[in-house]
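Chemist: Counting in the numbering used here, the sequence shown runs from 98 upward without gaps.
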Amino acid sequence: FMKTKNIANQIDLSDVKNFLDLHNAVSKHLTNIEQENQVLPSNFSNLHNKQFNEYIIKIPQENKDLVEVGKSMNICVGSGVYLSKILMRKCDIVFLYKNNAPQICIQLSLAGDIVEIKGPNNAQVQDTTMLEQLKKLFNQ
98 FMKTKNIANQ
108 IDLSDVKNFL
118 DLHNAVSKHL
128 TNIEQENQVL
138 PSNFSNLHNK
148 QFNEYIIKIP
158 QENKDLVEVG
168 KSMNICVGSG
178 VYLSKILMRK
188 CDIVFLYKNN
198 APQICIQLSL
208 AGDIVEIKGP
218 NNAQVQDTTM
228 LEQLKKLFNQ
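#1: Among S176, G216 and V212, whose alpha-carbon lies nearest the alpha-carbon of F235?
#2: Going by DSSP in three states, V222 sits in which element: helix, strand or coil?
#3: Taking the alpha-carbon positions, what's the N143 to G175 distance?
#4: Please classify L207: does DSSP put it in a helix, a strand, or coil?
#5: Please state the DSSP three-state secondary structure of P217.
#6: Specify the secondary structure class of Q230 as computed by DSSP and reduced to three states.
#7: Going by CA-CA distance only, name the one from N160, K232 and E151 that's closest to Q135.
#8: How long is the line joining the alpha carbons of I201 and N140, rounded to whole angstroms?
#9: Quick check on DSSP: helix, strand or coil for D112?
#10: With 16 other CB atoms within 10 Å as the buried threshold, where does L163 fall?
#11: Go ahead and label P199 buried or exposed: buried means 16 or more other beta carbons lie within 10 angstroms of its beta carbon, across all protein chains shown.
#12: Below 8 Å, how does it come out for the segment 175-185 and the segment 218-236: are there three or more Cβ pairs, yes or no?
#13: For K161, report the span of its beta strand (DSSP E) as first-last.
#14: Leaving out five residues before and five after K155 in sequence, what residues of the same chain have Cβ atoms less than 6 Å from its Cβ?
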């Protein structure tokens, strides 16, 4: 997975003041490590490119999709941690796009339960109606 033996020597920690700063610094570094491209399995591939309210559902097809969305949304989904979880079949990832840009990232259990849902910059998704609709969609 990683082409380095000691990651701590390669990350700029000068601006790290708390755990969130450390998480962001490590995620940014891991996102930039070149990874071999891999096809991703998903229990929800039947939903790919389907309309959901004002969004289009996108299922990442390859790990480069995780990296691109992670960079675009400034979230850690592209850091490699989620790639490992997907490949070990511990979770699935689903993106909601609006105007051809990722807006929401959802981590699902394989049974379809929402484990985590984030907007850009790890913003909380507050729309309770949408959350209930998503729960129904993924548990069909």
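From the three backbone atoms N, C-alpha and C, an ideal C-beta is built for every residue, glycine too.
Modeler: Considering the structure as presented:
#1: Here the question's residue 235 lines up with position 138 in the sequence shown. For the residues S176, G216 and V212, the minimum Cα distance to F235 belongs to V212.
#2: The residue you call residue 222 lines up with position 125 of the sequence shown. Look at V222 here: in three-state DSSP terms it is coil, with no helix or strand label.
#3: Walking along the sequence shown from the start, residue 143 turns up at place 46. Walking along the sequence shown from the start, residue 175 turns up at place 78. So the two alpha carbons sit approximately 22 Å from each other.
#4: Position 110 of the sequence shown, counted from the first residue, corresponds to residue 207. Three-state DSSP puts L207 in coil, outside helix and strand.
#5: By one-based count along the sequence shown, residue 217 stands at place 120. Note: P217 maps to helix in three-state DSSP.
#6: Within the sequence shown, numbered from 1, the residue matching residue 230 stands at position 133. Helix.
#7: Looking up residue 135 in the sequence shown gives position 38. The residue from N160, K232 and E151 with its alpha-carbon nearest to that of Q135 is N160.
#8: As a position in the sequence shown, residue 201 is number 104, starting the count at 1. As a position in the sequence shown, residue 140 is number 43, starting the count at 1. Rounded to the nearest angstrom, the two C-alpha atoms are 19 Å apart.
#9: Against the sequence shown, residue 112 aligns to sequence position 15. DSSP, read as helix, strand or coil, puts D112 in coil.
#10: Your numbering for residue 163 matches position 66 in the sequence shown. A residue is called buried once 16 or more other Cβ atoms fall within 10 Å of its Cβ, and L163 is buried on that count.
#11: Indexing the sequence shown from 1 puts residue 199 at position 102. Buried, by the Cβ-count rule.
#12: Result no; under three Cβ-Cβ pairs closer than 8 Å.
#13: Mapped onto the sequence shown, residue 161 falls at position 64. No beta strand (DSSP E) contains K161, which is instead part of the alpha helix (DSSP H) from N160 to M170.
#14: Here the question's residue 155 lines up with position 58 in the sequence shown. Counting only Cβ-Cβ distances below 6 Å, and skipping sequence neighbours, we find F192 and Y194.
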